[in-house]
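Colleague:
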DNA sequence: AAGTCGGGGCC
DNA sequence: GGCCCAGACTT
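Below you can see the structure in the form of C-alpha cells.
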C-alpha cells in the first residue's frame, strides 16, 4: 500500500521539531526567507541540527542579511565558521552570497540553484522546496533511510542512492505532498531524525508503520545497508607555539585553501604524514628554528573523516627585538582559540596545561554552547 | 565511482 | 573504539 503523504503531514503538524530556521509558531504565515533557509541548509550539510542551532543564531547576528554576508571579507566568514568543520562550505557560502547579491536574489528553480557554489543536488532541492514551494523532494541521509525501510531496499548505499531518490520523488504524485512541498520535505527529515532513527527506530510511533515493508519483516534496524569502508590511517604532525611575552600574544598563520582546514588560521607546523616527526625533522619547519624549542608533554589526537591525526607541540618564547615576518598573525590566546579549527584549539589547551601560554587567559571558545 | 573534505554525539 | 549526520566537489 502507498504511504499516505497526508498522514505524514498530519504527524508533522503535531510533532515537528522547533528549530531556529523555521518560522516560529507565533510569527504568523510569513513567507520563508531564502537567505535563512539557504544558510541553514549549508550549515546542516553533514552536521546535526543540534550542533547547528546555536551557530545558526550567532551567524545571523553577525551577518543578518545576504547583503551583509556578501560585503564581509572571506576571512571574517571563515573565523565565524571556526569549529563547524568542512571549511570549504564557508568559502563557497561567501562566494555564493556575492553572486546572488549581484544578481539581485536567489534563483527559484532547482537548476538555477544547483549552478551556485556550494549548492549540490540536495541543497538545491531543499531551498527550492522550502523557500519557494517547488515540487521536489530533497534526498538527504534521513530520506534515504526512510525510503530504504519503507520499501525494504536491500541494495547497499551509496549505490542504491538513485533508486531511493526515485522512490522519494514518487511520493510527490500525491496531491497532499504537492500542496506543501517544503513541509513534506521537513516532515521526512523529522521522521528520520526522531522516529525512523539509525539505531533503535521507534516504529510504534511512526505514522507510516502500517505500510512499512521493513517493519513488517522486523528488519527496519538493519536498513539501509552500506558498502564496507576502508580503515582510517594514522597520521602525524608537529606544531609550534611561539609566544611574545611583551604583548602576551601568540603566532598564527593562515593555511592555504584547498587542503585540510583550508583558509583557516593555525599554529605553524609541519605537514601531516604517516610517520612521526623526529625533533630535527620537525624543527626544520619551525618559525624560528634557532630558538630553544621545548617539546611539551602529551599530544593531541584528532579524528578527521578518513584519517586520525596525532599532533606534537613545541613551545618557545620570542626574544626581545626579534624580527617578524610578513604574514605573521599575532593574537591573544583567547582570541586565537575563538577562530581556529578544533584540532588547533586542542593544541592551545595542551599548551595551557603545560604552562606554555604567554598570558593567563584560558583558551575557550566564547560561544560554543 | 572513488577520494577528499570536520566535528560532535552516540553507543 | 566505530558509526552517524538536512553533502559538495574533484578526478
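Numbering (the UniProt record's numbering), first residue to last: 1 to 369. Note that CB positions come from ideal geometry on N, CA and C, so glycine has one too.
Between which two residues does the beta strand (DSSP E) carrying residue 317 extend?
Modeller: To locate residue 317, count along the first chain from 1; it is residue 317. Looking at the DSSP string, the run of the beta strand (DSSP E) that includes residue 317 is 308 to 317.
Colleague: Using only the heavy atoms of the ligand HEM, determine whether one of them is closer than 6 Å to the beta carbon of residue 99.
Modeller: Looking at this structure, you won't find the ligand HEM or any other ligand, since it has none at all.
Colleague: Under 7 Å between the Cβ atoms of residue 212 and residue 150?
Modeller: In the first chain, the residue the question calls residue 212 occupies position 212. In the first chain, the residue the question calls residue 150 occupies position 150. Yes. Within cutoff.
Colleague: Beta-carbon separation of residue 315 and residue 294 under 7 Å?
Modeller: Here residue 315 refers to the residue found at position 315 when the first chain is read from its first residue. Here residue 294 refers to the residue found at position 294 when the first chain is read from its first residue. It is a contact, given that the beta carbons lie within the stated cut-off.
Colleague: What are the start and end residues of the alpha helix (DSSP H) that includes residue 189?
Modeller: Indexing the first chain from 1 puts residue 189 at position 189. Its alpha helix (DSSP H) spans residues 181 to 194.
Colleague: To which residues does DSSP link residue 151 through a beta bridge?
Modeller: As a working note, residue 151 is residue 151 in the first chain. Partner(s): none; residue 151 has no beta bridge.
Colleague: For the beta strand (DSSP E) holding residue 250, just list the boundary residues, first then last.
Modeller: Looking up residue 250 in the first chain gives position 250. Its beta strand (DSSP E) spans residues 249 to 254.
Colleague: Please classify residue 243: does DSSP put it in a helix, a strand, or coil?
Modeller: For this step, residue 243 is matched to residue 243 along the first chain. In this structure, residue 243 counts as strand in the three-state DSSP scheme.
Colleague: Just to confirm, are residue 5 and residue 174 a CB contact at a threshold of 7 Å?
Modeller: For the purposes of this step, residue 5 is taken as the residue at position 5 of the first chain. For the purposes of this step, residue 174 is taken as the residue at position 174 of the first chain. Yes.
Colleague: Quick one: what's residue 236 bridged to in DSSP?
Modeller: Reading the first chain from its first residue, position 236 is the one you call residue 236. Looking at the DSSP assignment, residue 236 forms a beta bridge with 273, 310.
Colleague: Residue 25: buried (16+ other C-beta within 10 angstroms of its C-beta) or exposed?
Modeller: Counted from its first residue, the first chain places residue 25 at position 25. For residue 25, the predicted structure reports a pLDDT of 49, less than 50, and the residue's modelled location is therefore unreliable. A value from the coordinates is still provided. It counts as exposed.
Colleague: What first and last residue would you give for the beta strand (DSSP E) that runs through residue 329?
Modeller: Sequence index remark: in the first chain, residue 329 carries index 329 (1-based). Counting along the chain, the beta strand (DSSP E) containing residue 329 begins and ends at 329 to 331.
Colleague: Give the straight-line distance between the Cα atoms of residue 239 and residue 286, rounded to the nearest whole angstrom.
Modeller: Along the first chain, read from residue 1 onward, the residue named residue 239 stands at position 239. Along the first chain, read from residue 1 onward, the residue named residue 286 stands at position 286. Rounded to whole angstroms, residue 239 to residue 286 spans 8 Å at the Cα level.
Colleague: Nearest-angstrom Cα distance between residue 142 and residue 33?
Modeller: Position 142 of the first chain, counted from the first residue, corresponds to residue 142. Position 33 of the first chain, counted from the first residue, corresponds to residue 33. Looking at the two C-alpha atoms, the distance is approximately 24 Å.
Colleague: At 4 residues or longer, and completely inside the stretch 62 to 101: list those alpha helix (DSSP H) runs for me, N to C.
Modeller: Listed in chain order, they are 66 to 71, 74 to 81.
Colleague: Exposed or buried, which one is residue 94 when buried takes at least 16 other CB atoms within 10 Å?
Modeller: The sequence position of residue 94 within the first chain is 94, counting from 1. Buried: at least 16 other Cβ atoms inside 10 Å.
Colleague: For the beta strand (DSSP E) that contains residue 303, what are its first and last residues?
Modeller: Translated into the one-based positions of the first chain, residue 303 becomes position 303. Per DSSP, residue 303 belongs to the beta strand (DSSP E) from 300 to 303.
Colleague: Can you give me the start and stop residues for the alpha helix (DSSP H) that residue 40 sits inside?
Modeller: The residue labelled residue 40 in the question sits at position 40 within the first chain. From DSSP, the alpha helix (DSSP H) with residue 40 extends over 34 to 43.
Colleague: Could you tell me whether the Cβ atoms of residue 249 and residue 156 are closer together than 7 Å?
Modeller: In the first chain, the residue the question calls residue 249 occupies position 249. In the first chain, the residue the question calls residue 156 occupies position 156. Cβ distance not < 7 Å, so residue 249 and residue 156 don't count as in contact.
Colleague: Using a 10 Å radius around the Cβ and a threshold of 16 neighbouring Cβ atoms, would you call residue 123 buried or exposed?
Modeller: Within the first chain, the letter at position 123 stands for residue 123. Buried, since its Cβ has 16 or more Cβ neighbours within 10 Å.
Colleague: Can you check DSSP and say which residues form a bridge with residue 266?
Modeller: By 1-based counting over the first chain, the position of residue 266 is 266. Beta-bridge pairing links residue 266 to 253.
Colleague: Quick one: Cα of residue 253 to Cα of residue 332, how far?
Modeller: Start at 1 with the first residue of the first chain, and residue 253 comes out as number 253. Start at 1 with the first residue of the first chain, and residue 332 comes out as number 332. Computed Cα separation, rounded: 14 Å.
Colleague: Just curious, the alpha helix (DSSP H) that residue 110 is in, first and last residue?
Modeller: Counted from its first residue, the first chain places residue 110 at position 110. Here the alpha helix (DSSP H) through residue 110 covers 110 to 114.
Colleague: I need the DSSP call for residue 357, collapsed to helix, strand or coil.
Modeller: Counting from one through the first chain, the residue named residue 357 turns up at place 357. Residue 357 falls in the coil class under three-state DSSP.
Colleague: Is the CB-CB distance between residue 35 and residue 66 below 7 Å?
Modeller: Here residue 35 refers to the residue found at position 35 when the first chain is read from its first residue. Here residue 66 refers to the residue found at position 66 when the first chain is read from its first residue. Their beta carbons are under 7 Å apart, which means residue 35 touches residue 66 by this criterion.
Colleague: Excluding sequence positions up to five away, which residues of its chain have a Cβ less than 8 Å from the Cβ of residue 219?
Modeller: Residue 219 sits at position 219 when you count from the first residue of the first chain. For residue 219, where only same-chain residues beyond five positions count, the Cβ hits under 8 Å are 152.
Colleague: Any idea if residue 328 is buried or exposed, counting beta-carbon neighbours within 10 angstroms, 16 or more meaning buried?
Modeller: Reading the first chain from its first residue, position 328 is the one you call residue 328. Burial call: exposed.
Colleague: Could you tell me whether the Cβ atoms of residue 318 and residue 242 are closer together than 7 Å?
Modeller: Within the first chain, the letter at position 318 stands for residue 318. Within the first chain, the letter at position 242 stands for residue 242. Yes, the pair counts as a contact, with Cβ atoms nearer than the cut-off.
Colleague: Pairing CB atoms from the stretch 201 to 212 with CB atoms from the stretch 124 to 137, are three or more of them under 8 Å?
Modeller: No: the two stretches stay apart, fewer than three of their Cβ pairs being nearer than 8 Å.
Colleague: According to DSSP, is residue 295 helix, strand or coil?
Modeller: For this step, residue 295 is matched to residue 295 along the first chain. In the structure shown, residue 295 sits in a strand (DSSP, three-state: E or B).
Colleague: Measure the C-alpha to C-alpha separation of residue 112 and residue 120 and round it to an integer number of angstroms.
Modeller: To locate residue 112, count along the first chain from 1; it is residue 112. To locate residue 120, count along the first chain from 1; it is residue 120. Near 11 Å, if we compare the C-alpha coordinates of residue 120 and residue 112.
Colleague: Along the alpha helix (DSSP H) that carries residue 106, what are the first and last residues, could you check?
Modeller: In the first chain, counting from the first residue as 1, residue 106 sits at position 106. It is not in any alpha helix (DSSP H) - residue 106 carries neither H nor E in the DSSP assignment.
Colleague: What are the residues that DSSP puts in a beta bridge with residue 226?
Modeller: Taking the first residue of the first chain as 1, we reach residue 226 at position 226. DSSP, once it has assigned bridges, lists 157 as partnering residue 226.
Colleague: Less than 6 Å between C-beta atoms, sequence neighbours within five positions excluded: which residues of the same chain meet that for residue 189?
Modeller: What you label residue 189 is simply residue 189 of the first chain in a count that begins at 1. For residue 189, where only same-chain residues beyond five positions count, the Cβ hits under 6 Å are 142.
Colleague: Please report how far the alpha carbon of residue 204 lies from the alpha carbon of residue 42, in whole angstroms.
Modeller: Residue mapping note: residue 204 aligns to position 204 of the first chain, counting from 1. Residue mapping note: residue 42 aligns to position 42 of the first chain, counting from 1. Taking the straight line joining both Cα atoms gives about 32 Å.
Colleague: Can you list, in chain order, the residues of its chain whose CB lies under 7 Å from that of residue 370, leaving out five sequence neighbours each side?
Modeller: The structure shown does not extend to residue 370, since the chain is modelled only from 1 to 369, so the question has no answer here.
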